[in-house]
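Visitor: Note that my numbering numbers the sequence shown so that position 123 is 414, with each residue one more than the last. For glycine and all other residues, C-beta sits at the position ideal for the given N, C-alpha and C. Source: prediction; values computed, not measured.
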Amino acid sequence: MRVPACAYQIGTQLNMFLIVNRKKENGFSLIELLTVMAIMGILAVIVLPNYFVMQKRLALSRSVQKLAHDIRRAQEMAMSANEEPGCSAGYPDYKFSYGVYFSLSAPDSYKIFADCDSNKDYNSPADKIVNTITFEKTVTLSNLSPVVAGSLGIVFTPPAPAVTISPNSSTAEITITNGNENKSVKINMAGLIDD
């Protein structure tokens, strides 16, 4: 049986009308939504652990740079030969010396001090603390070399400034850690600070 030409033409026009006038559906299909969620989940599993490790690593790098800067700051304070208020009154032999003191019993901080009694070492009641610096929360002091009674002092005496490392040594190494990694700052008798 043969279909009349006009019926064929009507059917074709109807199909075209349906294709052209079909409404677009807005939104996402369930498969698209699940695919995006799976990709985001995979990225989160990969990125988040590395993010926290990187944060700790950056905190350690910032802390070692600050430590080296603060040692240089004490060195510059001694070279400037500025009198620390309160030192010269009780100590006539005060030579405008400044230093940095580290103690393993206080591993989260260190002190910049004025060596008021000019003994080239840190003495708590006699010497004046200029500044106490606290490491970032994930960073602590892990090792001192040389160390006596868990502490290390580095004193700069003007005019050069001469470097005294207490206990008596020609070099000092201060090591800090973030729990996973260690970084060190080294200083020698010539005043060279290496971080």
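(1) Looking at F426 and Y413, is the spacing between their C-beta atoms short of 7 Å?
(2) Restricting to runs no shorter than 3 residues, where is the beta strand (DSSP E) found entirely within the stretch 312 to 367?
(3) What does a CB cutoff of less than 7 Å around A369 pick up in its chain, not counting 5 residues either side in sequence?
(4) How close, in whole Å, do the beta carbons of I467 and V430 come, if the pair is a contact with beta carbons under 8 Å?
(5) Bridge partners of S394, per DSSP?
(6) CB G377 to CB K428, shorter than 7 Å?
(7) Based on Cα-Cα distance, which residue from V391, P437, S433, D408 lies nearest to N422?
(8) How close, in whole Å, do the beta carbons of N479 and T455 come, if the pair is a contact with beta carbons under 8 Å?
(9) Please determine, among G444, Q346, S396, the residue with the shortest C-alpha to C-alpha distance to N471.
(10) Bridge partners for K411 per DSSP, in chain order?
(11) So, for K402: in the same chain, excluding its five sequence neighbours on each side, which residues have a beta-carbon less than 6 Å away from its beta-carbon?
(12) Pop quiz: N473 and S433 are said to be a contact at Cβ under 8 Å. What is the actual Cβ separation, rounded to whole angstroms?
(13) Can you list, in chain order, the residues of its chain whose CB lies under 7 Å from that of D570, leaving out five sequence neighbours each side?
(14) Apart from the five residues on each side of it in sequence, which residues of its chain come closer than 7 Å, Cβ to Cβ, to V327?
Guide: Taking the structure as given:
(1) no
(2) none
(3) F387, S388, Y389, F447, T448, P449, P452
(4) 6 Å
(5) S442
(6) no
(7) V391
(8) Actually they do not touch by this definition, with Cβ atoms about 12 Å apart.
(9) Ranking the options by Cα distance to N471, first place goes to Q346.
(10) In the DSSP output, where bridge partners are listed per residue, K411 has none listed.
(11) Y392, I420, T423
(12) 6 Å
(13) A question about residue 570 goes unanswered here, because the residues of the chain that appear run from 292 up to 486.
(14) none
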